[in-house]
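Engineer: Below is a structure I'd like to ask you about.
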Amino acid sequence: MKPDSMNREIKSIDSEFEILKQSDTHRLYQLRRHTSKNDYPFNRFTAGNEKSLRSKNMNALLTRAKTFFADHYHGGSMKLCVIGRDSLTDLERWVRKYFDGVKDGPKSMHLINPPKPIWDPSKLHVIESVEGLTALQLVWMLPPYSKNNHLEMPEVYLIELLSNKSKESLYGFFKEKDWVADIDVSLEADYVRKSWNPKAIVNLMEEFTPKNMRMDLLVNSLDATAVNLRRVIRVTTAVPICIVDKPGIKMWHQILTGPRGLGKQASISNSFSVSEDKLVLKFRGCREKFTLFISKFWQNFKSFSPKLESFESFKEEMSIDLSSIDIKEQSEHMMFTMLYEGSYDVKEKLENLKDISFADLQKFVTVFYSQIFIEGLCYGDMLEKEATEISEIFERRFEEPRTPKVRNESASDRVKMNHPVSRKNAYVFKKSETNSMAKVYFQTSNPKYKLNEEEDGARLSLFSAIIKEELYDQLRTKKQLGYDVSCYKDVTSGVYGFYIYIVSSQYDPDHLLNEIDEFVNGIGSLLENMPEEAFKSYKKSVESGLFDDINSKWKEIVCKRYKFDCHEDYELRFWYDKYFKESSPSCRKFSVGIWRGQHQEEGEESSKICGKSFKTAARGEARCLLHHGSPSLCGGETIGGEKQRRVKGG
């Protein structure tokens, strides 16, 4: 291991440390470790940062890393599982090729005999949330696994029991008293279970005592008046809230508690989500029980009506959710306002949320029910007759005959056709955020011309597979721009696009965007010099993943493409030149730059650009579009050198 490699890894660790500062889960995890008994192995931090690592002698640090590797990275402590589509002969050949150099070692496990209790049971730990959350968490440390514990798994039985949400469950008891909004019971490990052992379950239940319990309270403020346990547990919100353009839809999650519990008992899982302007219900399980369960579910769905007593609680929860978005979610909101009509930034959503009344919600629900159009996919071993019966369940419950007018037209009409190269800038929504972010989007299909959508989608998948590793290697590993460096393909409103983003604690968005541009400009050379065998390997990998499951087919329905078979001719180089080079008339590139909270505290003088305070631009009072990537944060929107009026909501 060379000194340069050590320095790169230390910077990576520090970047991860900065990112995790904004995670309540990680902060609480670190607090639990720090407050445990000193003689217990749990009393360690899982990672350091640049300050803690550079305080040590680099030679000593390198020696310790090598010793740790020699002690633990050997065949005796290794378990390898290989799963693939290829033959066993090929899989074995690959294992021998890549793992033959692993040295032998003793097959032994370190035994831990933890002291009890691990924490002081008389203390309540209160931590201030950076995500705007309020929660009470109870933790019990379970004893080490016994000889047969991995087969019997008594803790899994208790998890099933405690997480059940039927009326007679622990959740039902608390919910009836209006003490909780939700209960989440989890375990930090999972194994194959052969059978239940009642004695092992009873023995494990003896560990659930106050002396072995730890309490953590997550609150919005450490103000003494805010730390009120009774008030915390009396939250009336029924379920987590999804944020969409039409707030009334979010509250329909209330109806899921009963039917979802029945679905779990019937071995049917289901999900309820919002995708663009559509409400998506998904069911998985034994087809013999599908018809009865879906009938019950749809009956509950159609009978739902919002309740006045919970309306304000929902609004408050939605406001908290919007106000506590992280930097990635903020970038998505900003990008959508640039790409799609009817999209709003966070500030506009918060302002509009305040104006929504209970009467508005009731009116919306009524209109929504009158305009429902349902399109579904039955996938698996279900017979055609059974699929028809499910279709009739929905059709019978329409109060009036459906007309073609209720069908949802193509959402691609919402796509903006503004200037091909544009950029928006802002400060992070949370001032405590220590990272900056740069994000770039390339639209790779034209919503007005849909002749070759399936080819565009396949090329995009191939392009993503080829450059993902190169992007990580160049910008993350070699240049150390940030810990979170990635790219991904996207299909929204039936329009294909490609995202590249970097989250960094060291560099500002201007520098990051320049680095992304430099990388994108070099992709052409990468494609030209790629060996034919490597290209074929990428192509084979992508082909095996296209349209191979229900999710792929469902995306075809949602985007109204209906292309369930795919035969591709990859002209990737021409495709790249067409959509990723700014000199091409088909290139549509959108960029987002988000500055970390530190810049807001340094005063307006240090953030003045183009003679106007950046703070004003970040508030959305003056947003900017940049022509051909030229940096500008001046007031107003600039398109091709001419000022344009800002259209609200656009």
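Start counting the sequence shown at 1; every next residue gets the next number (UniProt numbering). We treat Cβ as the ideally placed atom computed from N, Cα and C, and that holds for glycine.
1. Rank Phe42, Leu377, Ser5 and Asp326 by C-alpha distance to the C-alpha of Leu61 and give the top, closest one.
2. Identify which residue in Asp510, Thr35, Phe283 and Phe311 has its Cα closest to the Cα of Trp298.
3. Do you know how far the Cα of Phe208 is from the Cα of Gly457?
4. For His125, which three-state DSSP category applies?
5. Return helix, strand or coil for Tyr472, following the three-state DSSP convention.
6. Give the secondary structure of Met213 by DSSP, where H, G and I count as helix, E and B as strand, and everything else as coil.
7. What are the partner residues of Gln371, as DSSP defines its beta bridges?
8. Are the CB atoms of Lys21 and Thr388 nearer to each other than 8 Å?
9. Which residues mark the beginning and the end of the alpha helix (DSSP H) in which Trp298 is found?
10. Quick check on DSSP: helix, strand or coil for Arg423?
11. Could you pull the DSSP bridge partners for Met437 from this structure?
12. How far does the beta strand (DSSP E) with Trp140 in it reach, from first residue to last?
13. Apart from the five residues just before and just after Asp90, which ones in its own chain have a Cβ nearer than 6 Å to its Cβ?
14. Am I right that Phe358 and Phe314 are in contact with their C-beta atoms under 8 Å? What's the rounded C-beta distance?
15. Going along the chain, which residues of its own chain have a beta-carbon closer than 8 Å to the beta-carbon of Arg573, five neighbours each way excluded?
16. Expressed to the nearest angstrom, what Euclidean distance is found between the alpha-carbon atoms of Phe272 and Met58?
17. Can you tell me whether Thr492 is helix, strand or coil according to DSSP?
18. Do Pro306 and Gln362 have their C-beta atoms closer together than 8 Å?
19. So, is Ser343 buried or exposed, given that buried needs 16 or more other C-beta atoms within 10 angstroms?
20. Who pairs with Ser486 in a beta bridge, going by DSSP?
21. Answer with buried or exposed for Ala534, where buried requires no fewer than 16 other C-beta atoms within 10 angstroms of its C-beta.
22. If we ignore side chains and look at the alpha-carbon of each, how far apart do Leu217 and Ser23 end up?
23. If I measure Cβ to Cβ from Leu462 and keep anything under 7 Å in the same chain, skipping five residues before and after, which residues do I get?
24. Would you check if the distance between the CB atom of Ser331 and the CB atom of Val592 is smaller than 8 Å?
25. Phe42 to Leu339, Cα distance in whole Å?
26. Rounding to the nearest angstrom, what Cα-Cα distance links Asn49 and Gly482 in this structure?
27. Report buried or exposed for Leu633, applying the criterion of at least 16 other Cβ atoms within 10 angstroms of its Cβ.
28. Straight-line CA distance for Leu308 to Asp360?
Structural biologist: So, from the listed chains and residues:
1. Ser5
2. Phe283
3. 53 Å
4. strand
5. helix
6. strand
7. Beta-bridge pairing links Gln371 to no other residue.
8. no
9. Phe290 to Lys302
10. strand
11. Val503 and Ile594
12. Ala135 to Trp140
13. none
14. Actually they do not touch by this definition, with Cβ atoms about 10 Å apart.
15. Gly524, Leu527 and Glu528
16. 52 Å
17. strand
18. yes
19. buried
20. Tyr501
21. exposed
22. 15 Å
23. Tyr538, Lys539, Val542, Tyr570 and Leu572
24. yes
25. 48 Å
26. 14 Å
27. For Leu633, the predicted model reports a pLDDT of 28, less than 50, meaning its position is unreliable and no value from the coordinates is stated.
28. 12 Å
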